[in-house]
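Visitor: Quick note on numbering: our numbering labels position 21 of the sequence shown as 24, and the sequence is numbered without any gaps. Below is a structure I'd like to ask you about.
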Amino acid sequence: MLTLVLTRHGLTDRSEPEQHLGQGIDLGLSVAGRRQARALAGRIGGERFDRIIASPLLRARETAEAVAAARPIELDARLTEMHYGAWEGLTYEEIEAFDPVYRRRWLADSATLACPGGESGDDVAARARGFLVDLLGWAAATDGIEPVVLAVAHSTLNRILLCIALDMPVRDYRRRLTQGQANLTVLSFGDGAAPHEARLLVLNDTAHLAAAGQAPWEPSPGA
Numbered sequence: 004m005l006t007l008v009l010t011r012h013g014l015t016d017r018s019e020p021e022q023h024l025g026q027g028i029d030l031g032l033s034v035a036g037r038r039q040a041r042a043l044a045g046r047i048g049g050e051r052f053d054r055i056i057a058s059p060l061l062r063a064r065e066t067a068e069a070v071a072a073a074r075p076i077e078l079d080a081r082l083t084e085m086h087y088g089a090w091e092g093l094t095y096e097e098i099e100a101f102d103p104v105y106r107r108r109w110l111a112d113s114a115t116l117a118c119p120g121g122e123s124g125d126d127v128a129a130r131a132r133g134f135l136v137d138l139l140g141w142a143a144a145t146d147g148i149e150p151v152v153l154a155v156a157h158s159t160l161n162r163i164l165l166c167i168a169l170d171m172p173v174r175d176y177r178r179r180l181t182q183g184q185a186n187l188t189v190l191s192f193g194d195g196a197a198p199h200e201a202r203l204l205v206l207n208d209t210a211h212l213a214a215a216g217q218a219p220w221e222p223s224p225g226a
């Protein structure tokens, strides 16, 4: 059995207002993002992880480093965020202002329709599926342990990976799933399971980021 602990990087200085941060803007965590990473480390940093794997983008690497402490981190380009092409670094309002027709078409079918000059949801799904195939193959070859793996990636990548793991249509990733910064999402794959046969144990848990008295379903401060 494989346990996959999935998280998204913490906040950056470009996280507010919400905008498309993909592969073209490689920046680290903001002060608030580093606090989130430390809070995540306080929650799970003492757990056993047989592998810690991160997107090579700096914001994901820094989040992984906060949890890993002295443990090694592997970088896997398949965990990189969606390539947003011409929309990279633009807020949703800015995109709507100059490209409203294509934007609405993309929102209706972001699985098959690519961002202008970038990737589609199906493109990202191919990367995420390959990652899961290799991870499950590795887990099957481990001897005498039930491996636990931490993967640190990005909002869209994580949501599309979840669609694959839970056998959901990729087109639903924006409509049905949320991945807050530095959240905890946990999947379990039984022995011999395929990439689409995961059991969902935890989804978008951000209790470690919550303020006193905050309801579990309310957005965490700064998120």
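Each residue gets a CB set at the ideal place from its N, CA and C atoms; glycine is no exception.
Buried or exposed, going by whether 16 or more other CB atoms sit within 10 Å of the CB of residue 167?
Guide: Of the residues assessed, residue 167 falls on the buried side of the cut-off, its CB having 16 or more other CB atoms within 10 angstroms.
Visitor: Taking one C-beta from the stretch 151-164 and one from the stretch 13-22 each time, how about it: are there three or more such pairs within less than 8 angstroms?
Guide: no
Visitor: Relative to the alpha-carbon of residue 165, which residue among 194, 182 and 13 has its alpha-carbon at the smallest distance?
Guide: 182
Visitor: Using three-state DSSP, classify residue 159 as helix, strand or coil.
Guide: helix
Visitor: Once the 5 residues before and after residue 170 are set aside, which same chain residues still bring their CB inside 7 angstroms of it?
Guide: 199
Visitor: What does a CB cutoff of less than 8 angstroms around residue 75 pick up in its chain, not counting 5 residues either side in sequence?
Guide: 55
Visitor: What is the rounded straight-line gap between the Cα of residue 22 and the Cα of residue 92?
Guide: 6 angstroms
Visitor: Rounded to whole angstroms, what's the CA-CA distance from residue 110 to residue 148? Just pull it up for me.
Guide: 42 angstroms
Visitor: How many Å lie between residue 150 and residue 204 at the Cα?
Guide: 16 angstroms
Visitor: Measure the C-alpha to C-alpha separation of residue 5 and residue 12 and round it to an integer number of angstroms.
Guide: 22 angstroms
Visitor: Whole beta strand (DSSP E) runs in the stretch 173-210 with 3 or more residues, listed along the chain?
Guide: 187-192 and 202-208
Visitor: Can you tell me whether residue 36 is buried or exposed? The criterion is at least 16 other CB atoms within 10 Å of its CB, across all chains shown.
Guide: buried
Visitor: Enumerated in chain order, which unbroken segments of the beta strand (DSSP E) with a length of 3 residues or greater are wholly contained in the stretch 29-67?
Guide: Entirely contained in the stretch 29-67, the beta strand (DSSP E) runs reaching 3 residues are, in chain order, 54-57.
Visitor: Counting pairs of Cβ atoms below 8 angstroms between the stretch 204-222 and the stretch 26-34, do you hit three or more?
Guide: no
Visitor: With H, G and I counted as helix, E and B as strand and the rest as coil, what does DSSP make of residue 283?
Guide: There is no way to answer for residue 283, as the model of the chain reaches only from 4 to 226.
Visitor: From the DSSP output, in three-state form, read off residue 77 for me.
Guide: strand
Visitor: With DSSP as the reference, label residue 9 as helix, strand or coil.
Guide: strand
Visitor: Determine the closest residue to residue 60 out of 46, 80, 211 and 70, with distance taken between C-alpha atoms.
Guide: 80
Visitor: So is residue 127 buried or exposed if we call it buried at 16+ other beta carbons inside 10 Å?
Guide: Buried.
Visitor: Between the Cα of residue 62 and the Cα atoms of 10, 135, 98 and 120, which residue gives the shortest distance?
Guide: 10
Visitor: Note down, one range per segment and in chain order, each beta strand (DSSP E) of at least 3 residues found wholly within the stretch 97-169.
Guide: 151-156
Visitor: If you draw a straight line from the C-alpha of residue 174 to the C-alpha of residue 49, how long is it?
Guide: Those two C-alpha atoms are separated by around 36 angstroms.
Visitor: Can the beta-carbon of residue 7 be found closer than 8 angstroms to that of residue 152?
Guide: yes
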